[in-house]
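Single-structure report; data block below.
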Amino acid sequence: MALFIDAQNLDSLTRYDGLLKAIALWLERDDLADEIPYFVQLAEARFRRLLTNPELETEITVAAGCPVTLPDDFEALRLLYPAGGRRDRAFLQLSPDVFQQGKHQNKSVFTLMAGQLWISPLPETETAFSLVYRAALPSLSLNRQSNWLLASHPDIYLFGSLLQAEFFGWNDSRLPVIKSALDEALGELNKAGLRKRYAESTLVAPSPVVEAVKGTYRW
């Protein structure tokens, strides 16, 4: 079993059906055709927990209302601002308990509760909001032959799927090597994401919002 990716076959690895063939080739098993798609799905579940790359982010427009139903692939909210407006008018995020206390007058705020987006106050002149969020990694299938991760990083998919095969009973002395290669590749991808987002810029923390309440300060 060779633990390398043949550059001549790289194009086929960027498609789901080619990935399935590659996994079978690396496993050197002809009897796991029905199980290999499960290995891919389990690998994707791990990728969703570990990946923090800007490639996961998307922006949509949602209708004004309260509450707002979040997209099916929603994982985390990054930015909320009036559609067609400036991003420096972005709403501030509050915890659900602070949001419900209603002590945010004259501030545009939002919170996430019960899988829904709550906004306050609803602007009278705005009809929609722009929502920037981290989306779940799209699952591969025969109907979805590729996604951004497979297209650019087929080694991560291959090593991740081979690692999951271990739990099905494929025992091999090279598994620690595969796990190390997968962990290293995921770490490199997340670091590359940070460079893509921030480059060499120096991050500046915003000034905290302080509210005076009966002689005390509430953050």
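Quick note: the sequence shown uses UniProt numbering, first residue 1, plus one each step.
Yeah, the Cβ is synthetic: ideal placement off N, Cα and C, and Gly gets one too.
Distance from Val40 to Ser161 at the Cβ level is roughly 5 Å; contact confirmed, criterion being Cβ atoms closer than 8 Å. Bounds of the alpha helix (DSSP H) holding Pro154 are Pro154 to Ala165. A contact between stretches requires three or more CB pairs, one per stretch, nearer than 8 Å, and the region 81-98 fails this requirement with the region 24-44.
In the three-state reduction of the DSSP assignment, Phe74 falls in the strand class, which pools E and B. Leu149 sits away from Leu158, with the two beta carbons spaced by 8 Å or more. Taking the C-beta atoms as reference points, Leu131 is found no nearer than 8 Å to Val109. Short of 7 Å from the beta carbon of Arg15, and not among the five residues preceding or following it, lie these beta carbons of its own chain, in chain order: Gln145 and Ser146.
Around the beta-carbon of Leu182, 16 or more other beta-carbon atoms lie within 10 Å, marking it buried.
Runs of the beta strand (DSSP E) spanning 3 or more residues and lying entirely within the region 1-66 occur at 57-63, in chain order.
Counting only residues of its own chain and dropping the five nearest sequence neighbours on each side, Ala24 has a CB closer than 8 Å to the CB of Asp30, Leu32, Ala33 and Ile36. Between the beta-carbon of Leu189 and that of His153 there is about 6 Å, and that keeps the pair under the 8 Å contact cut.
Nearest C-alpha to Leu140 among Leu42, Phe99, Leu122 and Tyr133: Leu42. Each of Thr127, Leu80 and Leu186 was checked against the Cα of Ala64, and the nearest Cα belongs to Thr127.
Of the candidates Leu163, Phe168 and Leu122, Leu163 places its Cα closest to the Cα of Arg174. In the DSSP annotation of this structure, Leu142 is not part of any alpha helix (DSSP H), being labelled neither H nor E.
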